[in-house]
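Participant:
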Amino acid sequence: MEEEMVKADVLCVGGGIAGLMAAIRASELGAKVIVAEKGNALHSGRGRAGNDHFETYIPEVHGIDMEAWINELLRTAKGETLLSRDIFRAQFAKAFDIVKLWDNWGIPMKYKGQWEFAGHSFPGHAMTHIKYAGQMQKRVLVNQALDRGAEIMNRVMVFELLCDANGVIGAIGAHTRENKVIVFQAKAVILGTGKCSRLYPSLTPGWMFNDPHGGVQTGDGRAMAYRAGAQLQNVEMPERHIGPKYLTRFGQATWIGVLRDPQGKPVGTFASKPDRKYGDMIMEVNKLVAEQYTQSGKGPLYMDCTGMTEEDHEYMTYWMKHEGMVALLNHMQEEGMDLRKNPIEFATYPMRLGGQIVANAQAETTLKGLYAAGDEAFGDISAAATFGWVGGENAAKYAQEAEAPDVERGRAKIEEKKQLINQLHGREEGPDWEEANIALQQVMYDYVGSVRNEALLKQGLSHLHRLKEKAYTTMIARNPHELGRCLEVLNLLDIGELAFLMASDRKETRALHNRPDYPFTNPLLNQFHTVQDIDGKPVIQWREIGR
Amino acid sequence: MPPIIDANKCTGCGRCVDVCTEDVFYGSKEGEVPVVTYPRECVHFDCCIYECPVPGAIRLRIPLPAMLVYKPTDGE
Chain A
3 MEEEMVKADV LCVGGGIAGL MAAIRASELG AKVIVAEKGN ALHSGRGRAG
53 NDHFETYIPE VHGIDMEAWI NELLRTAKGE TLLSRDIFRA QFAKAFDIVK
103 LWDNWGIPMK YKGQWEFAGH SFPGHAMTHI KYAGQMQKRV LVNQALDRGA
153 EIMNRVMVFE LLCDANGVIG AIGAHTRENK VIVFQAKAVI LGTGKCSRLY
203 PSLTPGWMFN DPHGGVQTGD GRAMAYRAGA QLQNVEMPER HIGPKYLTRF
253 GQATWIGVLR DPQGKPVGTF ASKPDRKYGD MIMEVNKLVA EQYTQSGKGP
303 LYMDCTGMTE EDHEYMTYWM KHEGMVALLN HMQEEGMDLR KNPIEFATYP
353 MRLGGQIVAN AQAETTLKGL YAAGDEAFGD ISAAATFGWV GGENAAKYAQ
403 EAEAPDVERG RAKIEEKKQL INQLHGREEG PDWEEANIAL QQVMYDYVGS
453 VRNEALLKQG LSHLHRLKEK AYTTMIARNP HELGRCLEVL NLLDIGELAF
503 LMASDRKETR ALHNRPDYPF TNPLLNQFHT VQDIDGKPVI QWREIGR
Chain B
855 MPPIIDANKC TGCGRCVDVC TEDVFYGSKE GEVPVVTYPR ECVHFDCCIY
905 ECPVPGAIRL RIPLPAMLVY KPTDGE
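Written as structure tokens, this is what we have:
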């Protein structure tokens, strides 16, 4: 198998919003930067088709101090996310500068010449998000990165970090179109690899790419960070979302309507008619509401935009295009559906895992030379952009001081991974990635799903271990594309395994982690639940949250 | 299945093949009308359509399991 060696000061893994912002800032500071993206950075990541909300604090607009504004932000679902206040402070001290940068670069951050605040906020309270026209945001960010001299390598899936005793020295990537391994020598690595899709079944049984995150975000960053010895946290904590059924899409705050029951009664208390400024905040308060209504015999629930003005309809359609909902708009048109007349059903989307790579407000992980930003650390667009930038800055500064690493110290690991790839390519028959992925989804859903107990977790983990063994010894890849998918499944298996271990260790019920054998939330566990590989063993510990 | 290419309009420029992050067009040949090798991996974000230089040369068909559910208009 061909091996290509590439050297950089800073390697950005993933060309989403965080990775590109890191590349832009690190290049600007003079670092030699490479972005390795397994798809194409023009349309990759969670922002691939656009976004329309950016969380930002603007002192002169809000007229309250940042602490009071953060309190408003924490009234929403964000308040449950077990993040330290220091992170929010760091983000919002910087986010508005990023907004102005993006606006200068050509991502329209204003609407009709003004900052337009709408959505994600309670009526009568401080607004937290501006609307922006992000449909082509990725193109702008790619061009900014290229203009500053960063190199973007598309179709390269980085799947393993290389380390020596001092920290990170590089990474191994597989080309997803050619039979080739790329070894990166880098002084610093930034993981901007997104969330973890395809671990649980999607809304459509057996159709795993009906996922608003897309299909390629498979927790690669957190899986390789863990294997390299970095700390992860709260891996077992489930997340749910709410949106249109069955074409899954984010953008709950882009809808101008009221969530209503079949009789037309509003489900929440925040909206009684379509309102372009506030939408319906019930979805921010309880994303499970659609599932709960259906299960209790009171469903289905509808997003009801009927009665909206023509101006509001035009306004909502404009923002839907920017929020990556063009396919949904076209589908409605083709089906003769009109939101001014037809309420559309909303569903609570299936479980997925939250959790993060542990990173501080400097975007530093617990492993020297390794940084993390975006959904791998603290999600949403504003955080991805801000901490991507911060991470790029710190990685570039770190690289200036660091000695050139000798990537050959990772030779044993490189050869081990090349052998794995040769085995996946070399087998004539066996399960393909899809078969292995479905088997994994099944065990996750049944054994570390919406109800968890010790016996289920123990049984599920033993089954997952057998699946993992099968995946390593029998899975087949018929070409480089399928090889990438196989490597994704192997990463998902690692994350799944950690979810079992951590769900078992979290002996309480909290948020969507439901343990009937430990039915109460333990206030002593208002902490980060961390896991780290120490001498080949997962070591799980609790760490205080700075509130 | 997901992206549908009108062979009469497609110029074979390969732009859609280039930008699809899921790589549903894997194995398409340069200069030819792209093939949809992995239709089930389409995530329906329209990125191929954003980038296609010929209006109408490519469109998405939303698969039946992803059809939207809605309340019919009174009388329908």
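Line by line, the protein sequences are chains A and B. Position in the first sequence (first residue = 1) + 2 = our numbering. Position in the second sequence (first residue = 1) + 854 = our numbering. Beta carbons are placed, not taken as given, at the ideal position from N, Cα and C, and that holds for glycine. From a predicted model like this one, the values you see are computed outputs, not experimental measurements.
(1) Report the neighbours of His45/A on chain B: residues whose CB is nearer than 9 Å to its CB, in chain order.
(2) How far does the beta strand (DSSP E) with Tyr373/A in it reach, from first residue to last?
(3) Leaving aside the five residues before and after Leu489/A along the sequence, list all residues of the same chain whose C-beta is less than 7 Å from its C-beta, in chain order.
(4) With a cut-off of 7 Å, does the C-beta of Phe211/A fall near any C-beta of chain B?
(5) Pull up the DSSP beta-bridge partners for Arg512/A, would you.
(6) Let's see if you can read the secondary structure: which residues bound the alpha helix (DSSP H) around Cys198/A?
(7) Alpha carbons only, please: which of Glu69/A, Tyr113/A and Gly49/A is nearest the one belonging to Gln139/A?
(8) Name the residue from Val450/A, Ser46/A, Ala230/A and Val15/A whose alpha carbon lies nearest to the alpha carbon of Val218/A.
(9) Is the stretch 122–137 of chain A close to the stretch 190–198 of chain A, with three or more CB pairs under 8 Å?
(10) Does any CB atom of chain A fall closer than 7 Å to the CB of Val923/B?
(11) Does the distance from the CB of Ile542/A to the CB of Val533/A come in under 7 Å?
(12) Using only alpha-carbon positions, find the residue among Pro352/A, Gln265/A and Glu153/A that is nearest to Pro302/A.
(13) Put Val35/A into one of helix, strand or coil per three-state DSSP.
(14) Near Met446/A, what residues of its chain come up, given a Cβ to Cβ distance below 6 Å and the 5 sequence neighbours on each side ignored?
(15) Pick out whichever of Ala438/A, Pro482/A, Asn481/A and Asn493/A has its Cα sitting closest to the Cα of Leu469/A.
(16) Starting from the beta carbon of Ile346/A, find every residue of chain B whose beta carbon is closer than 9 Å, and list them in chain order.
(17) Determine the direct distance from the alpha carbon of Gly41/A to that of Glu876/B, and round the result to whole angstroms.
(18) DSSP beta-bridge partners for Ile359/A?
(19) Return no unless some Cβ of chain B is closer than 7 Å to the Cβ of Ala361/A.
(20) So, are the CB atoms of Ala33/A and Ala387/A less than 7 Å apart?
(21) Please confirm whether Lys182/A has its beta-carbon closer than 7 Å to some beta-carbon of chain B.
(22) Return yes when the Cβ of Arg354/A is within less than 7 Å of the Cβ of Glu241/A, no when it is not.
(23) In whole angstroms, give me the CA-to-CA distance for Asp67/A and His324/A.
(24) Chain A beta carbons: is any one of them nearer than 7 Å to that of Glu886/B?
(25) So, at 6 Å on beta carbons, what are the nonlocal neighbours of Lys419/A in its own chain, with the 5 sequence-adjacent residues on each side left out?
(26) Using the three-state DSSP reduction, which class does Tyr304/A fall into: helix, strand or coil?
(27) Quick one: measure Cβ to Cβ for Pro525/A and Asn181/A, integer angstroms, because I've assumed they're closer than 8 Å.
(28) So the alpha helix (DSSP H) Val873/B belongs to, where does it begin and stop?
(29) Give the single residue among Tyr924/B, Pro907/B, Lys925/B and Phe899/B whose Cα lies nearest to the Cα of Leu914/B.
(30) Skipping 5 residues on each side, what residues in its chain have a beta carbon closer than 8 Å to that of Leu234/A?
(31) Comparing C-alpha positions only, which one of Glu57/A, Glu456/A and Trp104/A sits nearest to Pro521/A?
(32) Would you tell me roughly how many angstroms separate the C-alpha atoms of Gly281/A and Asn362/A, rounded to the nearest one?
(33) Answer with buried or exposed for Val908/B, where buried requires no fewer than 16 other C-beta atoms within 10 angstroms of its C-beta.
(34) Per the contact definition of three or more C-beta pairs closer than 8 Å, is the stretch 448–463 of chain A in contact with the stretch 500–511 of chain A?
(35) Thinking Ala25/A and Ala152/A are a contact (beta carbons under 8 Å), I'd like their distance in whole angstroms, please.
(36) Report the residue from Glu118/A, Ser452/A, Val142/A and Ala365/A whose alpha carbon sits nearest the alpha carbon of Asn106/A.
Facilitator: Taking the geometry as given:
(1) Within the first sequence, the letter at position 43 stands for residue 45/A. Ordered by position in chain B, the residues that pass the 9 Å Cβ test against His45/A are Val873, Cys874, Thr875, Phe899, Cys901, Cys902, Tyr904 and Glu905.
(2) Here the question's residue 373/A lines up with position 371 in the first sequence. Residues Leu372 to Ala374.
(3) Against the first sequence, residue 489/A aligns to sequence position 487. Excluding positions up to five away in sequence, the list reads Met159, Phe161 and Ala176.
(4) Here residue 211/A corresponds to residue number 209 of the first sequence, with the count starting at 1. Yes, contact with chain B.
(5) For this step, residue 512/A is matched to residue 510 along the first sequence. Its beta-bridge partners are His515/A.
(6) Indexing the first sequence from 1 puts residue 198/A at position 196. Taken as a continuous stretch (DSSP letters only), Cys198/A belongs to no alpha helix (DSSP H), as it is neither H nor E.
(7) Sequence index remark: in the first sequence, residue 139/A carries index 137 (1-based). If we check each option's Cα against that of Gln139/A, Gly49/A comes out closest.
(8) Position 216 of the first sequence holds residue 218/A. Residue Ser46/A is the option with its Cα nearest to Val218/A.
(9) no
(10) Here residue 923/B refers to the residue found at position 69 of the second sequence. With 7 Å as the cut-off, Val923/B counts as an interface residue toward chain A.
(11) Mapped onto the first sequence, residue 542/A falls at position 540. Mapped onto the first sequence, residue 533/A falls at position 531. Yes, these two residues count as a Cβ contact at 7 Å.
(12) Locating residue 302/A in the first sequence gives position 300, counting from the first residue. That would be Gln265/A, whose Cα lies nearest to the Cα of Pro302/A.
(13) Looking up residue 35/A in the first sequence gives position 33. Of the three classes helix, strand and coil, the one that applies to Val35/A here is strand, per DSSP.
(14) Translated into the one-based positions of the first sequence, residue 446/A becomes position 444. For Met446/A, where only same-chain residues beyond five positions count, the Cβ hits under 6 Å are Leu201, Tyr202 and Gly498.
(15) One-based indexing of the first sequence puts residue 469/A at position 467. Of Ala438/A, Pro482/A, Asn481/A and Asn493/A, the residue nearest in Cα terms is Ala438/A.
(16) Reading the first sequence from its first residue, position 344 is the one you call residue 346/A. In chain order: Leu922, Val923, Tyr924 and Lys925.
(17) Counting from one through the second sequence, the residue named residue 876/B turns up at place 22. Counting from one through the first sequence, the residue named residue 41/A turns up at place 39. So the alpha carbons of these two residues sit roughly 6 Å apart.
(18) The residue you call residue 359/A lines up with position 357 of the first sequence. According to DSSP, Ile359/A bridges with Leu234/A.
(19) Your numbering for residue 361/A matches position 359 in the first sequence. For Ala361/A, the answer is no, since every Cβ of chain B falls outside 7 Å of its Cβ.
(20) As a first step, residue 33/A must be located in the first sequence, where it is residue number 31. As a first step, residue 387/A must be located in the first sequence, where it is residue number 385. Contact check for Ala33/A against Ala387/A fails: the beta carbons are separated by 7 Å or more.
(21) Here the question's residue 182/A lines up with position 180 in the first sequence. Not closer than 7 Å to any Cβ of chain B, the Cβ of Lys182/A fails to qualify, so no.
(22) By 1-based counting over the first sequence, the position of residue 241/A is 239. By 1-based counting over the first sequence, the position of residue 354/A is 352. Going by C-beta atoms, Glu241/A is nearer than 7 Å to Arg354/A.
(23) Reading the first sequence from its first residue, position 65 is the one you call residue 67/A. Reading the first sequence from its first residue, position 322 is the one you call residue 324/A. For Asp67/A and His324/A, the distance between alpha carbons rounds to 31 Å.
(24) Taking the second sequence and counting its residues from 1, one reaches residue 886/B at position 32. For Glu886/B, the answer is no, since every Cβ of chain A falls outside 7 Å of its Cβ.
(25) Locating residue 419/A in the first sequence gives position 417, counting from the first residue. Within the same chain, Lys419/A has close Cβ partners Glu162 and Ile174.
(26) In the first sequence, residue 304/A corresponds to position 302, counting from 1. It is a strand residue.
(27) Taking the first residue of the first sequence as position 1, residue 525/A is located at position 523. Taking the first residue of the first sequence as position 1, residue 181/A is located at position 179. Pro525/A to Asn181/A, Cβ: 54 Å. No contact.
(28) What you label residue 873/B is simply residue 19 of the second sequence in a count that begins at 1. Boundaries of the alpha helix (DSSP H) around Val873/B: Arg869 to Val873.
(29) Here residue 914/B refers to the residue found at position 60 of the second sequence. That would be Phe899/B, whose Cα lies nearest to the Cα of Leu914/B.
(30) Here residue 234/A refers to the residue found at position 232 when the first sequence is read from its first residue. Excluding positions up to five away in sequence, the list reads Arg224, Ala227, Tyr228, Gly357, Gln358, Ile359, Val360, Leu500, Thr532, Val533 and Gln534.
(31) Indexing the first sequence from 1 puts residue 521/A at position 519. The shortest Cα separation from Pro521/A among Glu57/A, Glu456/A and Trp104/A belongs to Glu456/A.
(32) As a position in the first sequence, residue 281/A is number 279, starting the count at 1. As a position in the first sequence, residue 362/A is number 360, starting the count at 1. Approximately 33 Å, taken between the alpha carbons.
(33) Looking up residue 908/B in the second sequence gives position 54. Val908/B is classed as exposed because its beta carbon has fewer than 16 other beta carbons within 10 Å across all chains shown.
(34) yes
(35) What you label residue 25/A is simply residue 23 of the first sequence in a count that begins at 1. What you label residue 152/A is simply residue 150 of the first sequence in a count that begins at 1. With 8 Å as the limit, Ala25/A and Ala152/A qualify as a contact, their Cβ atoms being about 4 Å apart.
(36) Numbered from its first residue, the first sequence carries residue 106/A at position 104. Checked all of Glu118/A, Ser452/A, Val142/A and Ala365/A; the closest Cα to Asn106/A is Val142/A.
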